[in-house]
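Numbering (the numbering used here), first residue to last: 6 to 158. For each residue, glycine too, the CB sits at the ideal point set by N, CA and C. Here the structure is a predicted model, which means the values were calculated and not measured.
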Amino acid sequence: MPLHRLLQRQLKRLAIAEATPPADAAQWREFIERVSRAYVEADQERYLLERSQDVSSHEMQELYAQVQEAQRIAGLGNWSYDRVANHARCSVECLRLLGYAADAPAPGWRQVLAIVHPRDRRRLGLAVRRAFREGVEFDIEFRLVPPPFNRTR
């Protein structure tokens, strides 16, 4: 098994061969101190990385909550479809607007198209076909026919 890169670096700095132990106690002590410092530095780098990931994760959660609140206030939602994975995603507000429970799975294309206002279906269909054909994303607004009696599905 090859030696860890940090250990290889310390051996090289002290001109110690992997197969040959240090010649005297002073060289051995210096080797141990260098290895220890290398591990401390690596631990500090790892700690900083973990800390920045924690901060980023917390900030992302706050931003997500703010977007959800803004969508709720504005009465807007978002729905997206990943053609490669054949998977739809949508916001909680989108589910509410479509008449679904907040924890329901995202509705598929046919389910969404069924409640799009008849005058907007063609325009939406053209945008979707173009996106599939040309591999481009699009952002479009359209009206929905509200679910009967605003019931939860």
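To which residues of the same chain is residue i closer than 6 angstroms at the C-beta, ignoring the five residues directly before and after it?
i	result
L11	A43
A93	Y86, A111, G113
Label residue i either buried or exposed according to how many other C-beta atoms from any shown protein chain fall within 10 Å of its C-beta, with 16 as the threshold for buried.
i	result
I145	exposed
V141	exposed
Y69	exposed
Going by beta carbon distance, what residues of the same chain come within less than 7 angstroms of residue i, once the five residues before and after it are set aside?
i	result
C99	G82, N83, W84
Hey, would you say the C-beta of residue i is under 7 angstroms away from at least one heavy atom of the ligand NAP?
i	result
Q58	Questions concerning the ligand NAP fall outside what the structure shown contains, since it holds no ligand whatsoever.
Given this structure, state the Cα-to-Cα distance separating residue i from residue j, to the nearest angstrom.
i	j	result
A136	Q15	55 angstroms
T157	A106	Caution is warranted here: a pLDDT of 44 is assigned to T157, below 50, making its placement in the model unreliable, and the coordinate value is therefore given only provisionally. If I take the Cα positions, the gap works out to 6 angstroms.
Y52	S62	15 angstroms
V72	E50	33 angstroms
Tell me, please, which residues DSSP counts as bridged to residue i.
i	result
L129	Answer is none; L129 lacks a bridge partner.
L8	Per DSSP, none; premise fails for L8.
L149	V121
Might you give, ordered along the chain, the residues of its own chain that have their beta carbon closer than 8 angstroms to the beta carbon of residue i, omitting 5 neighbours on each side?
i	result
R39	Q15, R18, L19
R88	F137
Counting only runs of 3+ residues fully inside the region 51–120, write out the beta strand (DSSP E) ranges in chain order.
DSSP runs (the beta strand (DSSP E)) wholly in the region 51–120: 84–87, 92–95.
Can you give, in chain order, each stretch of the alpha helix (DSSP H) that sits fully within the region 9–38 and has at least 4 residues?
DSSP runs (the alpha helix (DSSP H)) wholly in the region 9–38: 10–18.
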